[in-house]
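J.: Can you read through this structure? Questions will come right after.
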Amino acid sequence: MKQNTPLGIVIAVGNQKGGTGKTTNSVHIAAALGLRGYRCLIVDLDPAAGATRHLGVPENSFAGSLELLTTDETVQTPVITDDLPRGVHLVPSRPQLSELDVLLSKFVDRTCILDRPLALARQLYDFVFLDTPPSAAATTTVAAYASSEWFLLSAFPHPLSLGGLTEAFNDIADVRARRKPVPHKFNLLPPVRNRSCVLPLQHIQLAD
Ligand SMILES: Nc1ncnc2c1ncn2[C@@H]1O[C@H](COP(=O)(O)OP(=O)(O)OP(=O)(O)O)[C@@H](O)[C@H]1O
Ligand SMILES: [Mg+2]
Numbered sequence: 003m004k005q006n007t008p009l010g011i012v013i014a015v016g017n018q019k020g021g022t023g024k025t026t027n028s029v030h031i032a033a034a035l036g037l038r039g040y041r042c043l044i045v046d047l048d049p050a051a052g053a054t055r056h057l058g059v060p061e062n063s064f065a066g067s068l069e070l071l072t073t074d075e076t077v078q079t080p081v082i083t084d085d086l087p088r089g090v091h092l093v094p095s096r097p098q099l100s101e102l103d104v105l106l107s108k109f110v111d112r113t114c115i116l117d118r119p120l121a122l123a124r125q126l127y128d129f130v131f132l133d134t135p136p137s138a139a140a141t142t143t144v145a146a147y148a149s150s151e152w153f154l155l156s157a158f159p160h161p162l163s164l165g166g167l168t169e170a171f172n173d174i175a176d177v178r179a180r181r182k183p184v185p186h187k188f189n190l191l192p193p194v195r196n197r198s199c200v201l202p203l204q205h206i207q208l209a210d
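Numbering (our numbering), first residue to last: 3 to 210.
Below is the structure:
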């Protein structure tokens, strides 16, 4: 249950393959944790705004992750707290996030752009979910992989989909090789299709 001091766990939800359940897992796991009393933040880092739309927030109506990454705003400014599942807050996204690279200074280290906003988010929330777009090369994916200590990779139980996980592992390793070494852990969460049971999480801790 919720403690006075937030847990401050940041989870990058990834896999560059599209439609593998990244957004669904982010929203539903955050909502489940929220029901159990944990304070959860979802940061929508996808210009397609899947998490924003999934939570019923109208696109283009709010400032969000674009402002968080290109200004000095803290997470407390763009965060949406009303009419969301219990315990869940959202930094929304919108299509203009695709212009992020143009708006960022060429002198900014792309791997570090989430560090400042996440420093405060870790103090306010138990779990922070970074919902990434289906592109390993996207600036927000690179930043999420660089700044998280936990990774939740979604894949269908199909050889091609699972093969994509190898690419995701390599992408994460590449990004983190450029940052100071920090401990990190992986969870594999296969989407459950046409089944009534929930597959157990396979928890793999990789040696650095
Ligand atoms: N566990 C599941 N069981 C059945 N359907 C699922 C499950 N998880 C996700 N889906 C469905 O799969 C589709 C893609 O899910 P989702 O949008 O979460 O994927 P995504 O990885 O975020 O996609 P994108 O890469 O485009 O952002 C949606 O229609 C969603 O309802
Ligand atoms: Mg998505």
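In this text, a Cβ means the ideal position worked out from N, Cα and C, and glycines have one as well.
Bear in mind the structure is a predicted one, so any value in this text is a computation, not a measurement.
How long is the line joining the alpha carbons of V93 and T73, rounded to whole angstroms?
T.: In the sequence shown, counting from the first residue as 1, residue 93 sits at position 91. In the sequence shown, counting from the first residue as 1, residue 73 sits at position 71. When rounded, the distance between both Cα atoms is 14 Å.
J.: Please tell me whether L71 and E101 are closer than 9 Å, where the distance is taken between their beta carbons.
T.: Your numbering for residue 71 matches position 69 in the sequence shown. Your numbering for residue 101 matches position 99 in the sequence shown. Not a contact, by the Cβ cut-off of 9 Å.
J.: Grouping DSSP H, G and I as helix and E and B as strand, with all else coil, what is V177?
T.: As a working note, residue 177 is residue 175 in the sequence shown. Reduced to three states, the DSSP call for V177 is helix.
J.: In chain order, which continuous runs of the alpha helix (DSSP H) of length 4 or greater are located wholly inside the region 122-168?
T.: As far as the region 122-168 is concerned, its whole alpha helix (DSSP H) runs of at least 4 residues are 141-149.
J.: Under 9 Å, do S95 and A51 count as touching if we go by C-beta distance?
T.: Counting from one through the sequence shown, the residue named residue 95 turns up at place 93. Counting from one through the sequence shown, the residue named residue 51 turns up at place 49. Cβ distance < 9 Å, so S95 and A51 count as in contact.
J.: What does the alpha-carbon distance come out to for the pair V29 and V110?
T.: Locating residue 29 in the sequence shown gives position 27, counting from the first residue. Locating residue 110 in the sequence shown gives position 108, counting from the first residue. When rounded, the distance between both Cα atoms is 30 Å.
J.: Output the boundary residues of the alpha helix (DSSP H) element that contains L43.
T.: For this step, residue 43 is matched to residue 41 along the sequence shown. Where L43 is concerned, there is no enclosing alpha helix (DSSP H), although the beta strand (DSSP E) it sits in stretches over C42 to D46.
J.: Is L70 helix, strand or coil when you go by DSSP?
T.: Counted from its first residue, the sequence shown places residue 70 at position 68. L70: helix per DSSP, three-state reduction.
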